[in-house]
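Reviewing the structure listed below.
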Amino acid sequence: MLESTIAGSLPKPPWLAEPETLWAPWRLPPETLAQGQRDAVLLALRDQEEAGIDIVTDGEQSRQHFVHGFLPKIEGVDFGRRVTIGIRADRYKAEVPVVTGPISRRGSIHGDEVRFARAHTTRRLKFTIPGPMTIVDTLADEHFRSRERLAMEFAEIINGEARELAALGLDVLQLDEPAFNVDAYLDDVRAWGIAALERATAGLGIRTAVHICYGYGIKANIDWKRTLGSEWRQYEQTFPLLARSRIDQVSLECANSRVPMSLLRLLEGKDVLVGAIDVATTSVETPEEVAATIRKALSFVPPERLYPCTNCGMVPLPREVARGKLRALAAGTALVRAGRVH
Ligand code: ZN
């Protein structure tokens with residue numbers, strides 16, 4: 025009960041990629057990059073195990089960005105052509121590749137990564153892939169000219185990949201859908217976003233999760249959060265849809281956020297990954313602060329369905345801060361567990 029996990033990413037070692045940077049360039053030459061990434065995965069697993077995290081990830085050490093790690097092996101996505109577009113309803117600019125024709129998977133994308141991580145931890149293993157709507161929002165499309173059609177095409181591709189990964193011994197497959205939290209997209213979430221998510225995760229035979237957040241602690245997101253008012257109620261739109269979906273788990277943001285905790289009630293029947301670690305600050309939570317967030321969530325989520333987690337990925341944070349936050353997450357979880365026994 026109350027098993028801890030993380031949203032997905034951890035900082036990369038400074039010898040692998042530029043620290044504290046999103047889309048950080050690799051620091052190793054192509055001939056040693058794969059070896060360096062594997063070494064970094066071992067460290068990421070070890071950090072989580074030593075901290076006491078129950079369900080671990082590979083820390084997303086082998087991808088430059090959570091969306092663009094998936095795309096280079098997709099036929100029809102031209103990485104040679106990059107254009108700068110506004111993403112998440114123009115919240116920030118990103119240089120993205122272009123869809124220039126029909127899309128298909130050239131072969132296994134993350135199989136080697138999952139095989140390696142699986143072989144190097146005895147803990148339960150979660151792996152993350154971007155969700156269809158978030159992929160579509162992080163691309164320029166000159167072929168399909170329809171976000172819905174492109175999302176459904178990606179859902180098929182993700183499902184093929186996901187079935188292979190599930191067969192390699194994964195325990196949880198998580199799709200990251202921060203695009204679900206953008207006000208301007210909520211009608212699309214209802215119209216086709218959930219359907220694309222369900223298509224992408226159909227028939228896996230393992231736990232499936234979706235992560236929906238208010239983003240990394242970068243300036244564009246912090247500025248955006250200031251415009252959202254005293255209560256953040258985006259989840260109020262999506263949770264009832266997810267509660268009716270086939271997705272097993274929902275990972276969301278609670279620590280230092282203005283999300284009313286009572287919205288968690290809307291996820292009745294689902295596992296809830298409660299963000300009890302703020303990734304937008306370098307100050308490390310105390311175990312008591314983590315425990316307080318978990319206890320608040322326990323008013324709305326039964327303990328057997330509550331998984332203490334981070335608000336979002338920790339890739340942009342300094343490594344020592346991320347390590348401290350992992351330890352605080354596990355220690356805070358332990359406090360609540362102990363309290364429930366007495
Ligand atoms: Zn996130």
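Take 25 as the starting number for the sequence shown in the numbering used here and just add one per residue. Even glycine gets a Cβ: it sits at the ideal position worked out from N, Cα and C.
For P327, there is no enclosing alpha helix (DSSP H), as DSSP marks it with neither H nor E. Using a Cβ distance threshold of 8 Å, Q61 and S33 do not count as a contacting pair. At least one heavy atom of the ligand ZN falls within 7 Å of the beta-carbon of C336. Here L40 is actually not in contact with A58; their C-beta atoms are around 11 Å apart, not less than 8 Å. Taking 8 Å as the cut-off, the beta carbon of V308 is found closer than this to the beta carbon of A352.
Annotated three-state conformation of K36 is coil, per DSSP. For A233, the pairing in a beta bridge is given by DSSP as Q198 and Q273. The segment 66-76 makes no contact with the segment 112-132: fewer than 3 CB pairs, one atom from each, lie closer than 8 Å.
The alpha-carbon of P35 is positioned some 7 Å away from that of A346.
Residue ranges of uninterrupted beta strand (DSSP E) with 3 or more members, entirely inside the segment 71-127 and ordered along the chain, are 98-111. Burial check for S254: the Cβ neighbour count within 10 Å stays below 16, so the residue is exposed.
In the DSSP assignment, D302 falls outside any alpha helix (DSSP H), carrying neither H nor E. Using a C-beta cut-off of 8 Å, the segment 175-186 makes no contact with the segment 105-118, since fewer than three inter-stretch Cβ pairs fall below that distance. Taking all protein chains in view, the Cβ of K243 is surrounded by fewer than 16 other Cβ atoms within 10 Å, so the residue is classified as exposed.
If you check the CB distance, L221 and L189 do not come in under 8 Å.
Annotation note: the segment 136-208 contains the following uninterrupted beta strand (DSSP E) runs of length 3 or greater, listed N- to C-terminal: 148-154 and 196-200. DSSP places Y259 inside the alpha helix (DSSP H), whose first and last residues are Q258 to A267.
In terms of side-chain proximity, the C-beta atom of C333 is found no nearer than 7 Å to any non-hydrogen atom of the ligand ZN. Burial of V138 is indicated by the presence of at least 16 other C-beta atoms within 10 angstroms of its C-beta. Going by beta carbons, L290 and E260 fall inside the 8 Å limit. If you draw a straight line from the Cα of T232 to the Cα of H92, it comes to about 21 Å. Its chain contains I127 as the residues whose beta carbon lies nearer than 6 Å to that of E177, once the 5 sequence neighbours on both sides are disregarded; these appear in chain order. Counting along the chain, the unbroken alpha helix (DSSP H) around W248 starts and ends at K243 to R250.
Residue pairing by DSSP places R129 opposite I98 in a beta bridge.
When secondary structure is reduced to three states using DSSP, W47 falls in the coil class, being assigned neither helix nor strand.
Classified as exposed, P96 has fewer than 16 neighbouring CB atoms from the shown chains inside 10 Å of its CB. Per DSSP, K294 lies in no alpha helix (DSSP H) segment and is marked neither H nor E.
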